[in-house]
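Following the numbering used here, the numbering of the sequence shown begins with 36 at its first residue and continues without gaps.
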Amino acid sequence: MSEQASKTTVSDTWTKPLPPAEKMPAEADVVIIGGGIVGVSTAWMLARQGVDVVLCEKGHIAGEQSGRNWGWVRIQGRDTREIPMMLESLRIWDGLADEIGEDVGFQRGGCFFTAGSMKELQSFESWVDIAREYEIGTRLINAAELARHVPGSAVKWAGAMLTESDGRAEPHKAAPAIARAAVRSGARVLTGCAVRGIETSGGAVSAVVTEHGTIKTSTVLCAAGAWTSMFCRSLDIDVPQLRVRGTVARTAPATNVLNGNVFDERLGIRRREDGGYTVAHGSVLEHPVTPSSFRYFAKFLPALMQEFKIVQLSFGRDFVDEWRTPKTWSLDAPSPFEETRVLNPAPTPKVLQGIRKNLDTIFPQLANTPIIESWAGMIESSPDVVPIIDAIDTLPGFHVATGFSGHGFGIGPGAGKAIAAMLTGTDCGFDISALKLGRFFDGSPIRPQVTI
Ligand SMILES: Cc1cc2nc3c(=O)[nH]c(=O)nc-3n(C[C@H](O)[C@H](O)[C@H](O)COP(=O)(O)OP(=O)(O)OC[C@H]3O[C@@H](n4cnc5c(N)ncnc54)[C@H](O)[C@@H]3O)c2cc1C
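Shown next as structure tokens:
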């Protein structure tokens, strides 16, 4: 591990001062709203095909979810609707560093969902069957094999579901590196540039209005993460979306106690490129109750019932903040997106204490390893916990890619490929038609297959 790597903080990515506004492009083929992994991957894919693309990010690239996540790049346990896109994503991750000429910290190393009992282990069998259909190679392993992969654990698990081909990457590196690759391929990436709204002509998109000026375009992608629902609502487009806060921490570099990504209901842990560990509580997510919680209650009820053991409700400022945010705003004055440049929720002290306790219990060799940084991220979820990727019929030229529901980092590059194809009217080689927005409004049952 290099001296420099140990000094890199996660929050460096999203707390630096914003750069001065760049000269605004007058027009573009495509404008992307949002510089998370989804926006930058799409920009990169488009630019490589020679499409004239501009990406506008209100804060920093990867300033929100894409720079704050656990860094797991996994196919294991996914909803079947995501599997083809995730297979493609893993293929892209494999060659990404070579293709863009920058390290993103990607390595395969396996993903372990541990089981505390034989009954729990058997409950994984249905996903192993799914994996078999896609030739993914997921299998159940017994306690002895698990102990060989996770030698530092003091817990006697019954076994685990393992996908050896799953991996991990460094969130603070990946999206910024892909954004730079997009720029090298011809994309224009503007940070500190909030998009306030859309102009239309004859009912179709004709321009985006940013805080620094207007960009003429006929094609817009809203990849605005936790802000998508609010942005779309201002255009009379209903995108059901709620937020949950996840608290995360990282340790100092320490002895190697495991390979890959390990999930226990008390702890999610993976080894970092710098020799430390990214750690989080395995079963605590906090939902700040807001007016949207009531607006979308019925659509989210199946997900809430499924996740009721891990989602804790919190009541505080978020309710008032959302309540006070108007549904529409003038495009000539600062918008809500400029008010909150980077959604930077505070980590919850009680959750951090739980992480420390569970880390020490499960991995006693790490008991004296300090936690050197902690943060939180606001995960945005769709009602069935899989993304929404769609062209919006009521506003020709406007597209949405959101709702990646706690697992959009790993699938980001594959999503970028699929979205670029949607925007250019080409075939990405796999089907994403099950991810249309209309599934929440056409009366079909909302049935989450997986958890956040
Ligand atoms: C704590 C946590 C743990 C997670 N763990 C994992 C994991 O291990 N593996 C995994 O695969 N996924 C994980 N995820 C989920 C993953 O991080 C997200 O699904 C993914 O990053 C979403 O990417 P995105 O580009 O859609 O959104 P974001 O990364 O949120 O990017 C959206 C961007 O849009 C910008 N924006 C919004 N509105 C505007 C506007 N009007 N104008 C300009 N810019 C705007 C925002 O500033 C933001 O930067 C986790 C998430 C969190 C928070």
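Quick reminder that beta carbons are idealized off the backbone N, C-alpha and C, glycines included.
Model, not experiment: these values are computed from the prediction.
Any non-hydrogen atom of ligand 1 within 7 angstroms of residue i CB
{"i": "Gly-389", "result": "no"}
{"i": "Asn-104", "result": "yes"}
{"i": "Lys-191", "result": "no"}
{"i": "Ala-229", "result": "yes"}
{"i": "Ile-414", "result": "yes"}
{"i": "Phe-141", "result": "no"}
{"i": "Gln-100", "result": "yes"}
{"i": "Val-89", "result": "no"}
{"i": "Gly-71", "result": "yes"}
{"i": "Val-244", "result": "no"}
{"i": "Lys-208", "result": "no"}
{"i": "Glu-92", "result": "yes"}
{"i": "Phe-343", "result": "no"}
{"i": "Phe-298", "result": "no"}
{"i": "Phe-329", "result": "no"}
Classification of residue i by the beta-carbon crowding that lies within 10 angstroms, buried from 16 upward
{"i": "Trp-79", "result": "buried"}
{"i": "Val-355", "result": "exposed"}
{"i": "Ser-479", "result": "exposed"}
{"i": "Asp-114", "result": "buried"}
{"i": "Lys-93", "result": "buried"}
{"i": "Thr-383", "result": "buried"}
{"i": "Trp-49", "result": "buried"}
{"i": "Ser-440", "result": "buried"}
{"i": "Pro-211", "result": "buried"}
{"i": "Thr-44", "result": "exposed"}
{"i": "Gly-451", "result": "buried"}
{"i": "Arg-307", "result": "buried"}
{"i": "Gly-493", "result": "The chain is shown from 36 up to 487; residue 493 falls before or after that span and cannot be answered."}
{"i": "Gly-389", "result": "buried"}
{"i": "Glu-168", "result": "exposed"}
{"i": "Gly-237", "result": "exposed"}
Backbone secondary structure at residue i - three-state DSSP
{"i": "Met-196", "result": "strand"}
{"i": "Ala-289", "result": "coil"}
{"i": "Pro-384", "result": "helix"}
{"i": "Gln-347", "result": "strand"}
{"i": "Ser-37", "result": "Note that Ser-37 has pLDDT 38, beneath the 50 cutoff, so the model's placement of it is unreliable and no number is given."}
{"i": "Trp-79", "result": "helix"}
{"i": "Gln-276", "result": "coil"}
{"i": "Ile-68", "result": "strand"}
{"i": "Ile-475", "result": "With the sequence shown as reference, residue 475 is identified as Phe, and Ile is not the correct amino acid for it. Note: Phe-475 maps to helix in three-state DSSP."}
{"i": "His-434", "result": "strand"}
{"i": "Phe-465", "result": "coil"}
{"i": "Phe-159", "result": "coil"}
{"i": "Asp-299", "result": "strand"}
{"i": "Met-59", "result": "coil"}
{"i": "Thr-429", "result": "coil"}
{"i": "Phe-147", "result": "strand"}
{"i": "Phe-398", "result": "coil"}
Distance CB(residue i)-CB(residue j) smaller than 8 angstroms
{"i": "Val-243", "j": "Thr-254", "result": "no"}
{"i": "Thr-263", "j": "Val-279", "result": "no"}
{"i": "Phe-159", "j": "Leu-181", "result": "no"}
{"i": "Cys-228", "j": "Thr-249", "result": "no"}
{"i": "Thr-149", "j": "Asp-299", "result": "yes"}
{"i": "Val-297", "j": "Phe-147", "result": "yes"}
{"i": "Ile-407", "j": "Ala-287", "result": "yes"}
{"i": "His-434", "j": "Leu-256", "result": "yes"}
{"i": "Arg-285", "j": "Asp-201", "result": "no"}
{"i": "Ile-424", "j": "Ile-467", "result": "yes"}
{"i": "Val-73", "j": "Gly-443", "result": "yes"}
{"i": "His-207", "j": "Leu-293", "result": "no"}
{"i": "Pro-326", "j": "Trp-358", "result": "yes"}
Cutoff 7 angstroms; reference residue i; Cβ partners in own chain excluding five residues on either side
{"i": "Ala-402", "result": "Asp-395"}
{"i": "Asp-462", "result": "Ala-456"}
{"i": "Ile-481", "result": "Lys-334, Pro-337, Pro-418, Asp-419, Phe-475"}
{"i": "Leu-366", "result": "Arg-231, Gly-232, Val-244"}
{"i": "Pro-399", "result": "Ala-189"}
{"i": "Ser-370", "result": "Ala-229, Arg-231, Trp-364"}
{"i": "Lys-344", "result": "Ser-318"}
{"i": "Gly-194", "result": "Ala-150, Leu-156, Leu-175, Ile-176, Asn-177, Ala-178, Leu-181"}
Below-8 angstroms beta-carbon distance, residue i vs any chain C residue
{"i": "Gly-136", "result": "The structure shown contains no chain C, having only a single protein chain."}
6 angstroms Cβ shell around residue i - same chain, five flanking residues per side excluded
{"i": "Phe-350", "result": "Val-324"}
{"i": "Arg-223", "result": "Pro-60, Val-89"}
{"i": "Gly-412", "result": "Gln-100, Arg-103, Gly-281"}
{"i": "Ala-166", "result": "Thr-173"}
{"i": "Ala-209", "result": "Val-139"}
{"i": "Arg-116", "result": "Val-421, Ala-469"}
{"i": "Ile-488", "result": "It is not possible to answer for residue 488, since the shown part of the chain is limited to 36 through 487."}
Close-in-space but distant-in-sequence residues of the same chain around residue i (CB under 8 angstroms, 5 per side omitted)
{"i": "Gln-39", "result": "Below a pLDDT of 50, predicted positions are generally treated as unreliable, and Gln-39, at 41, falls in that range; the measurement from the model is reported next regardless. Once the five neighbours on either side are set aside, Gln-39 has no close Cβ partner at all."}
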